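To start, the structure under review is shown below, and the notes come after it.
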Amino acid sequence: MIKLGIAGLGSWGKNLVNAIQGKSDNIQFVAAATRTPSKVADLCQEKSIRLSDDLSFVLDDPEINAVVVAGPAQLHAEVAMAVIEAGKHVMVIKPLALFKKDAEALRQAAQQRNLVLALGYDRCFHPASDELRKCVAAGKLDKIIHAEGNFCVDRYRGLPEGDWKGSDENSQPGSLTDHMLYRMIELLGPVDSLTVQAARHAATEEISDTAAVALRFCSGISGHLTAIGVTPVFHRLHLFGTEGWAEIRNDRRFEFKPLKGDSTVIEFPAVDALHAQLEALAAAINGQQDYPVSPEDAVAGVAALEAMGRSAKSGKTETV
1432 MIKLGIAGLG SWGKNLVNAI QGKSDNIQFV AAATRTPSKV ADLCQEKSIR LSDDLSFVLD
1492 DPEINAVVVA GPAQLHAEVA MAVIEAGKHV MVIKPLALFK KDAEALRQAA QQRNLVLALG
1552 YDRCFHPASD ELRKCVAAGK LDKIIHAEGN FCVDRYRGLP EGDWKGSDEN SQPGSLTDHM
1612 LYRMIELLGP VDSLTVQAAR HAATEEISDT AAVALRFCSG ISGHLTAIGV TPVFHRLHLF
1672 GTEGWAEIRN DRRFEFKPLK GDSTVIEFPA VDALHAQLEA LAAAINGQQD YPVSPEDAVA
1732 GVAALEAMGR SAKSGKTETV
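With my numbering applied, the sequence shown corresponds to residues 1432 to 1751, in that order.
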């Protein structure tokens, strides 16, 4: 049984705990460090999780094999490095860091210590994502020439005052696109350059709530990402090839349209992707399989997000 600590027990941290605690024979949370323990004392008591406001409480515990870093994005790199230096495996809820140099430092540090560095990115565990991987691997699209992704939500309409996400420094313009970006990088390779058009239309905080990102991958494939934080939910990932196209819609619908013939549509049932994510972490720590998102792809994602921030400010195409 892998024993987990968690750093940061806000809404997403609670989701992770509820997804796995008492539901796995392979992994469980045993300790948590969070800024205001009183807010989660009842949850931790219910889930048999020891609680503190001190990160060292988790890092110094010899029982703990790995730590999930689930606090504000601007703290991810610092906390994750402390976990690695404590000799523990680490999962960092996306993004790995805000800057490529910090993400690369984490990758190198984990590699040198033979530790698992996992990106907490649950969308790659949906069955529709597996179907897209199989479609690409089987060559059904033939040569992929373009990719598009949309991630649209309404969460920027009601950000509480002072929320860490409510600034372009912590949430770069276009950062919502990472929900689609990581799967693009997995299938198409890293991004070479990009251009961002960003604006604020209806967000309650001073943050860019709409961004259009034009991409050029190192492979020469073009791409486009749309991120909107003030509109109804719409999720889409679409790959275009010379022999067909394939699309994931709202995580559960997969469609493949060949150049000749009819479309194939599969509607998948809902799955607990967070549970699958933590089971995959346990499997990686136990040496049973590689974690689905490689550290290299996680770093490539951070590099692209950092470049989005630069492009939004400069108004120019930025090299990743």
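The C-beta atom is built at its ideal place from N, Cα and C for all residues, glycine as well.
If you're wondering where the values come from, they're calculated on a predicted model, not measured in any experiment.
If we count the other Cβ atoms within 10 Å of its Cβ and call it buried at 16 or more, is residue i buried or exposed?
{"i": "R1544", "result": "exposed"}
{"i": "G1654", "result": "buried"}
{"i": "R1538", "result": "buried"}
{"i": "D1473", "result": "exposed"}
{"i": "S1560", "result": "buried"}
{"i": "L1529", "result": "buried"}
{"i": "T1641", "result": "buried"}
{"i": "K1525", "result": "buried"}
{"i": "G1570", "result": "exposed"}
{"i": "G1502", "result": "buried"}
{"i": "E1477", "result": "exposed"}
{"i": "L1690", "result": "exposed"}
{"i": "M1611", "result": "buried"}
{"i": "G1453", "result": "exposed"}
{"i": "D1485", "result": "exposed"}
{"i": "E1674", "result": "exposed"}
Is the beta carbon of residue j closer than 7 angstroms to that of residue i?
{"i": "D1728", "j": "E1617", "result": "yes"}
{"i": "V1471", "j": "L1490", "result": "no"}
{"i": "V1730", "j": "A1534", "result": "yes"}
{"i": "A1735", "j": "V1751", "result": "yes"}
{"i": "A1463", "j": "V1510", "result": "no"}
{"i": "A1513", "j": "P1604", "result": "no"}
{"i": "I1575", "j": "L1670", "result": "yes"}
{"i": "E1516", "j": "L1590", "result": "no"}
{"i": "F1665", "j": "N1581", "result": "yes"}
{"i": "Y1722", "j": "A1549", "result": "yes"}
{"i": "V1523", "j": "H1507", "result": "yes"}
{"i": "L1656", "j": "V1622", "result": "no"}
{"i": "L1668", "j": "R1614", "result": "yes"}
{"i": "G1436", "j": "I1480", "result": "no"}
{"i": "R1680", "j": "E1698", "result": "no"}
{"i": "V1733", "j": "K1531", "result": "yes"}
DSSP three-state label for residue i, please.
{"i": "Q1459", "result": "strand"}
{"i": "G1436", "result": "strand"}
{"i": "R1667", "result": "strand"}
{"i": "R1466", "result": "coil"}
{"i": "I1495", "result": "coil"}
{"i": "S1479", "result": "coil"}
{"i": "E1674", "result": "coil"}
{"i": "R1683", "result": "coil"}
{"i": "V1751", "result": "coil"}
{"i": "L1486", "result": "coil"}
{"i": "I1515", "result": "helix"}
{"i": "I1451", "result": "helix"}
{"i": "V1500", "result": "strand"}
{"i": "L1590", "result": "coil"}
{"i": "K1744", "result": "helix"}
{"i": "L1656", "result": "strand"}
{"i": "K1688", "result": "strand"}
Between residue i and residue j, how many whole angstroms is the CB-CB distance? I'm expecting something under 8 angstroms.
{"i": "C1738", "j": "L1625", "result": "Strictly speaking, residue 1738 in this sequence is Ala, with Cys absent from that position. Confirmed, about 6 angstroms."}
{"i": "F1556", "j": "A1707", "result": "4 angstroms"}
{"i": "L1705", "j": "A1497", "result": "Their Cβ separation, rounded to whole angstroms, is 16 angstroms, which puts L1705 and A1497 out of contact at 8 angstroms."}
{"i": "T1695", "j": "C1583", "result": "Not confirmed; about 25 angstroms, so no contact."}
{"i": "P1468", "j": "S1483", "result": "7 angstroms"}
Can you confirm whether residue i, when its beta carbon is compared against all beta carbons of chain C, has any partner nearer than 7 angstroms?
{"i": "V1733", "result": "Protein chain content of the structure displayed is limited to a single chain, and chain C is not contained in it."}
Discussion item. In chain order, what are the residue ranges of uninterrupted alpha helix (DSSP H) at least 4 long that sit wholly in the stretch 1599–1650?
Written reply: 1609–1619
Discussion item. As an exercise, report each continuous beta strand (DSSP E) stretch of at least 3 residues that is fully enclosed by the stretch 1517–1582, in chain order.
Written reply: 1520–1524, 1548–1551
Item to complete: Output the residue ranges of the beta strand (DSSP E) runs that lie fully inside the stretch 1695–1736 and measure 3 residues or longer, sorted by chain position.
Response: 1695–1698
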